[in-house]
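*Asks:* Structure below; questions to follow.
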Ligand SMILES: Cc1cc2nc3c(=O)[nH]c(=O)nc-3n(C[C@H](O)[C@H](O)[C@H](O)COP(=O)(O)OP(=O)(O)OC[C@H]3O[C@@H](n4cnc5c(N)ncnc54)[C@H](O)[C@@H]3O)c2cc1C
């Protein structure tokens with residue numbers, strides 16, 4: 016049986032080889048398609064692009080870390096430009112303007128720039144707090160002119176006499192003032208919030224939240240598993256369904272699911288992250304498809320969403336929320352309450368408003384014209400960023416950044432105008448100062464579990480939306496790296512992300 020099968024097999028083999036030889040001799044000779052001929056250019060192209068990107072980054076980092084020596088200043092007859100704040104608007108202005116044109120003084124109580132978009136990642140050590148801070152001393156040395164930094168809080172501005180009053184009753188004179196002090200958290204007068212909630216605004220807020228999280232997790236290990244007392248302690252409530260609140264809730268949930276669950280699953284089982292939002296949906300700046308995707312994703316990952324819930328009061332470790340549909344009052348216990356909603360006016364901004372009562376009559380922020388000049392002090396004070404209120408300009412880093420870039424160009428043109436005697440030239444140059452035209456580049460939000468939703472506008476016509484996938488997370492990461500203001504922070508953030516993949520969070 017076996018021998019006959021082998022014979023049949025050998026006959027078949029002979030016939031097949033004969034047929035293939037005949038076919039080979041008659042068929043026209045076609046060069047075989049080499050796989051490598053397609054892959055080679057892609058491989059070398061990618062290698063070249065990656066090398067160029069790394070080279071560009073290394074060059075940028077080197078340049079940043081090796082500032083040119085400052086020119087020796089003789090008696091200066093330059094105009095005095097005073098900038099209040101070291102946030103998005105002021106630092107972008109400082110990075111964009113030719114600093115040798117003005118006698119520049121920066122005044123701020125904060126000696127660093129904070130990369131706020133990644134602040135929600137810091138309490139759970141997805142990035143280190145130090146990786147998202149950049150020293151002002153580094154930033155003021157990036158230009159070609161001398162910049163003086165006063166680490167002080169501005170208390171008042173006298174627009175008539177062109178003076179800024181800072182702590183210690185010191186007056187600083189200015190010719191041009193850039194008022195960009197940002198905003199402070201707004202608790203809308205809800206009782207108990209200020210006393211019992213944590214905030215997510217400054218670098219120190221991340222440090223405080225991190226310490227509180229650690230403390231509560233430790234305390235909880237001493238309580239019986241599954242007990243109500245332990246669950247209340249491990250209940251973390253984030254109020255505010257905007258990007259800050261969503262990203263904070265998402266990062267906390269990642270930490271519980273990826274770190275606490277790995278090392279202490281019993282403890283993770285008693286943790287619960289709540290996201291409370293007064294409206295019927297979160298992330299109102301995205302379209303319905305995107306915010307629904309975000310809501311479903313958060314729920315799937317374990318975040319409890321409480322929509323249509325308006326905070327009423329906070330007493331001790333209980334927040335009372337009112338269901339805006341049923342009017343029902345619900346008490347929610349917490350171990351940590353994070354207030355991530357609302358922008359309020361800083362005292363120095365309110366004071367400036369009171370000095371110009373005829374023009375500054377909107378409590379939501381400083382009123383400006385299309386050239387970002389403060390109404391009532393046009394020509395001498397510009398106001399940028401979160402401290403202003405202007406139709407179409409929302410309080411985001413994106414707006415503050417574009418305003419900083421715009422103002423740098425305006426001030427450079429003003430410098431040329433001021434140093435020209437020819438009136439016709441002055442007039443024609445003045446005409447080149449166009450109104451500020453904000454271009455909304457879209458919105459991004461991390462939603463946890465290595466996923467994000469992105470609505471990116473490349474131009475007024477080209478827009479793409481990407482959400483819920485690993486690719487959307489990578490796009491989100493690339494966009495944030497591109498937004499970072501220095502190569503040093505870019506490098507540190509990238510290293511932190513790689514570190515989390517290899518050894519997890521702290
Ligand atoms: C957690 C978080 C995440 C965010 N994520 C994003 C995002 O992903 N994308 C986005 O577009 N926007 C985001 N934002 C919003 C964005 O950070 C703000 O819109 C932006 O910081 C506004 O810039 P600004 O320059 O007006 O104010 P800020 O950046 O707040 O800077 C204000 C500066 O003024 C200083 N200052 C305060 N008081 C005084 C005083 N009396 N005298 C002198 N200086 C003073 C402050 O110390 C600070 O240096 C986020 C905000 C937060 C809090």
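Residue numbers (my numbering): 16 to 521.
Virtual Cβ for every residue (Gly too), placed ideally from N, Cα, C.
Leaving aside the five residues before and after residue 307 along the sequence, list all residues of the same chain whose C-beta is less than 8 Å from its C-beta, in chain order.
*Replies:* 296.
*Asks:* Between residue 475 and ligand 1, is the CB less than 6 Å from at least one heavy atom?
*Replies:* no
*Asks:* Tell me whether residue 327 sits in a helix, a strand or coil according to DSSP, three-state version.
*Replies:* strand
*Asks:* Just the Cα atoms here: how many angstroms apart are residue 352 and residue 251?
*Replies:* 6 Å
*Asks:* When you compare the stretch 414-426 with the stretch 333-350, are there three or more beta-carbon pairs, one atom per stretch, that lie closer than 8 Å?
*Replies:* no
*Asks:* Please state the DSSP three-state secondary structure of residue 10.
*Replies:* Since the first residue shown for the chain is 16 and the last is 521, residue 10 is missing from the structure and cannot be characterised.
*Asks:* For residue 145, which residues from the same chain have a beta carbon less than 8 Å from its beta carbon, with the 5 sequence-adjacent residues on both sides left out?
*Replies:* 507
*Asks:* I'd like the ranges of any alpha helix (DSSP H) spanning at least 4 consecutive residues and lying wholly in the stretch 260-328.
*Replies:* Runs found: 280-284 and 303-316.
*Asks:* Measure the Cβ-Cβ separation of residue 529 and residue 229 and say whether it is below 7 Å.
*Replies:* Absent from the model: residue 529. The displayed extent of the chain is 16 to 521, so no value can be given.
*Asks:* Using three-state DSSP, classify residue 129 as helix, strand or coil.
*Replies:* strand
*Asks:* Tell me the residue span of the beta strand (DSSP E) that contains residue 163.
*Replies:* 162-165
*Asks:* Just to check, is the beta-carbon of residue 173 closer than 6 Å to a non-hydrogen atom of ligand 1?
*Replies:* no
*Asks:* I'd like to check one pair, residue 205 with residue 326: are the Cβ atoms closer than 7 Å?
*Replies:* yes
*Asks:* Is the beta carbon of residue 504 less than 7 Å from the beta carbon of residue 149?
*Replies:* yes
*Asks:* Could you check if residue 517 is buried or exposed, using at least 16 other CB atoms within 10 Å of its CB as the buried criterion?
*Replies:* Exposed, because fewer than 16 other Cβ atoms sit within 10 Å of the Cβ of residue 517.
*Asks:* Do you know offhand how far residue 237's Cα is from residue 466's?
*Replies:* 34 Å
*Asks:* Any chance the stretch 275-285 sits against the stretch 441-454, with 3 or more Cβ pairs inside 8 Å?
*Replies:* The stretch 275-285, when compared against the stretch 441-454, does not touch it at the 8 Å Cβ threshold.
*Asks:* For residue 445, which residues from the same chain have a beta carbon less than 7 Å from its beta carbon, with the 5 sequence-adjacent residues on both sides left out?
*Replies:* 432
*Asks:* Starting from the N-terminal side, write out each stretch of the alpha helix (DSSP H) that is 4 residues or longer and does not extend beyond the stretch 184-231.
*Replies:* 208-211
*Asks:* Excluding five sequence neighbours on each side, which residues of the same chain lie with their C-beta closer than 8 Å to the C-beta of residue 213?
*Replies:* Counting only Cβ-Cβ distances below 8 Å, and skipping sequence neighbours, we find 220, 223, 224, 227, 351, 352, 353 and 354.
*Asks:* So, for residue 105: in the same chain, excluding its five sequence neighbours on each side, which residues have a beta-carbon less than 6 Å away from its beta-carbon?
*Replies:* 98 and 195
*Asks:* Can we say the stretch 330-345 touches the stretch 353-373, given the rule of at least three CB pairs closer than 8 Å?
*Replies:* Short answer: they don't touch.
*Asks:* Between the stretch 116-123 and the stretch 151-167, can you find at least three pairs of beta-carbon atoms closer than 8 Å?
*Replies:* yes
*Asks:* Helix, strand or coil for residue 33 per DSSP?
*Replies:* Because residue 33 carries a pLDDT of 46, less than 50, the predicted location of this residue cannot be relied on, and the following value inherits that uncertainty. Helix, per DSSP.
*Asks:* Given residue 379, which residues of its chain have a CB within under 7 Å of its CB, disregarding the five upstream and five downstream residues?
*Replies:* Exclusion of the five residues before and after residue 379 leaves 404 as the residues of its chain whose Cβ lies within less than 7 Å of its Cβ.
*Asks:* Assuming residue 282 and residue 232 make a contact with CB atoms under 8 Å, what is their CB distance in whole Å?
*Replies:* 7 Å
*Asks:* Taking 6 Å as the line, does the beta carbon of residue 168 fall inside it for any heavy atom of ligand 1?
*Replies:* yes
*Asks:* Could you tell me the alpha carbon to alpha carbon distance between residue 41 and residue 59, rounded to whole angstroms?
*Replies:* Here the model assigns residue 41 a pLDDT of 49, short of 50, so the residue's position is not dependable and the matter cannot be decided.
*Asks:* According to DSSP, is residue 590 part of a helix, a strand, or is it coil?
*Replies:* Since the first residue shown for the chain is 16 and the last is 521, residue 590 is missing from the structure and cannot be characterised.
*Asks:* Within this structure, are the beta carbons of residue 462 and residue 309 separated by less than 7 Å?
*Replies:* A contact, by the Cβ cut-off of 7 Å.
*Asks:* Apply the 10 Å Cβ neighbour rule to residue 474 and answer buried if 16 or more other Cβ atoms are within range, or exposed otherwise.
*Replies:* exposed
*Asks:* Compute the distance between the beta-carbons of residue 142 and residue 450, then report whether it is under 7 Å.
*Replies:* Their beta carbons are not under 7 Å apart, which means residue 142 does not touch residue 450 by this criterion.
*Asks:* Consult DSSP for residue 38 and reduce its assignment to one of helix, strand or coil.
*Replies:* Here the model assigns residue 38 a pLDDT of 43, short of 50, so the residue's position is not dependable, and the following value carries that caveat. Residue 38 falls in the helix class under three-state DSSP.
*Asks:* Looking at the strands, I want to know which residues DSSP matches up with residue 479.
*Replies:* In DSSP, residue 479 forms a bridge with 471.
*Asks:* Residue 387 and residue 420: beta carbons closer than 7 Å?
*Replies:* no
*Asks:* Grab me the residues of residue 501's own chain with a C-beta within less than 8 Å of its C-beta, minus the 5 sequence neighbours each way, in chain order.
*Replies:* 79, 149, 153 and 154
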